Amino acid sequence: MKQILYTESPFGTVGIAEDGKGICALFFLRGEKPEGYMEAETPLLRRAARELAEYFSGERRTFDLPLSLEGTAFQRADWAALCEIPYGETRSYGQIAARLGNPKACRAVGMANHRNPVAVLVPCHRVVGKNGSLTGYAGGLDVKEGLLALEKRCGG
Numbered sequence: 001m002k003q004i005l006y007t008e009s010p011f012g013t014v015g016i017a018e019d020g021k022g023i024c025a026l027f028f029l030r031g032e033k034p035e036g037y038m039e040a041e042t043p044l045l046r047r048a049a050r051e052l053a054e055y056f057s058g059e060r061r062t063f064d065l066p067l068s069l070e071g072t073a074f075q076r077a078d079w080a081a082l083c084e085i086p087y088g089e090t091r092s093y094g095q096i097a098a099r100l101g102n103p104k105a106c107r108a109v110g111m112a113n114h115r116n117p118v119a120v121l122v123p124c125h126r127v128v129g130k131n132g133s134l135t136g137y138a139g140g141l142d143v144k145e146g147l148l149a150l151e152k153r154c155g156g
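Numbering follows my numbering, in which position 99 of the sequence shown is assigned residue number 99; successive positions increment by one, without gaps.
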């Protein structure tokens, strides 16, 4: 069974889950707590909560956590490309699609970003529309805007 720890952030409650191999989920809680998790405070979950708190306070720009992500080959390639976006910078869906070798795959990039199981750790919030507009974010556009503002304010 996956274990989960809930912690508070400037953007509300965050759920952080691990599966014994690494962090497998990180999400902004909207409504009911999801089923299929056992609430616990494992050493890895405490470490993840600490790193996340450091990120929200502007002290951390990268994460040093083992991840356990399941997805298609395209999704995993997309998530790897997202991790290459520097702190405080953004890329368009088209730029990510081009990076993945298919400049017309903007919609597929958007869908892969939507399936990102570890928000913030894999920074899909750094992907914007080609004109810089904020589009789509599972945690809500207000959270995406807040994360980008945090990174800009903290030296990004």
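All residues carry an ideal CB built from backbone N, CA and C; glycine is no exception. What you are looking at is a predicted structure, and each value in this text was computed from that prediction instead of being measured.
Exercise. What residue range is occupied by the uninterrupted alpha helix (DSSP H) comprising G15?
Worked result: From DSSP, G15 is part of no alpha helix (DSSP H) but of the beta strand (DSSP E) over G12 to E18.
Exercise. In the DSSP assignment, what are the bridge partners of A25?
Worked result: Partner(s): A17.
For this session: Can you grab the Cα-Cα spacing for the pair D64 / A49, in whole Å?
Result: Computed Cα separation, rounded: 12 angstroms.
For this session: Please report how far the alpha carbon of L82 lies from the alpha carbon of I96, in whole angstroms.
Result: Between L82 and I96, the alpha-carbon positions lie close to 8 angstroms from each other.
Exercise. Which of the three DSSP states, helix, strand or coil, is assigned to Y55?
Worked result: When DSSP states are grouped into helix, strand and coil, Y55 belongs to the helix group.
Problem set entry | Range covered by the beta strand (DSSP E) that runs through D4 | Reading off the sequence shown, one finds Ile at residue 4, where the question assumed Asp. For I4, the uninterrupted beta strand (DSSP E) segment begins and ends at K2 to S9.
Exercise. Quick one, are the C-beta atoms of L5 and T42 less than 9 angstroms apart?
Worked result: Taking 9 angstroms as the Cβ cut-off, L5 and T42 qualify as a contacting pair.
Exercise. So is E84 buried or exposed if we call it buried at 16+ other beta carbons inside 10 Å?
Worked result: A residue is called buried once 16 or more other Cβ atoms fall within 10 Å of its Cβ, and E84, having fewer, is exposed.
For this session: Excluding the 5 residues preceding and the 5 following A105 in the sequence, name in chain order all residues of the same chain whose CB lies nearer than 7 angstroms to its CB.
Result: Answer for A105: A97, listed in chain order.
Exercise. Rounded C-beta distance between D78 and V109? I'm assuming under 8 angstroms.
Worked result: In this structure, D78 and V109 form a Cβ contact; the two beta carbons are roughly 6 angstroms apart against a cut-off of 8 angstroms.
For this session: Please go through the same chain and pick out, in chain order, the residues whose beta-carbon is closer than 8 angstroms to the beta-carbon of R46, but skip the five residues on each side of it.
Result: Taking R46 as the centre and dropping the five residues before and after it, the same chain places the C-beta of L5 closer than 8 angstroms to its C-beta, in chain order.
Exercise. Using a Cβ-Cβ cut-off of 7 angstroms (strictly less than) and excluding sequence neighbours within five positions of G12, which residues of its own chain qualify?
Worked result: Counting only Cβ-Cβ distances below 7 angstroms, and skipping sequence neighbours, we find F28 and L29.
Problem set entry | Complete alpha helix (DSSP H) runs within the stretch 27-103 (minimum length 4 residues, chain order) | List check, alpha helix (DSSP H) in window: 43-56, 73-83 and 93-99.
For this session: Within its chain, find whatever has a CB closer than 8 angstroms to the CB of P103; leave out the 5 residues flanking it on each side and keep chain order.
Result: Excluding positions up to five away in sequence, the list reads G94 and A97.
For this session: Kindly list the residues whose CB is nearer than 8 angstroms to the CB of T90, restricted to its own chain and excluding five residues on each side of it in sequence; keep chain order.
Result: Exclusion of the five residues before and after T90 leaves R126, V127, V128, G132 and L148 as the residues of its chain whose Cβ lies within less than 8 angstroms of its Cβ.
Problem set entry | Where V122 sits in the DSSP three-state scheme | Per DSSP, reduced to three states, the secondary structure at V122 is coil, with no helix or strand assignment.
Problem set entry | Alpha-carbon spacing of E8 relative to R107, whole angstroms | C-alpha of E8 to C-alpha of R107: approximately 32 angstroms in a straight line.
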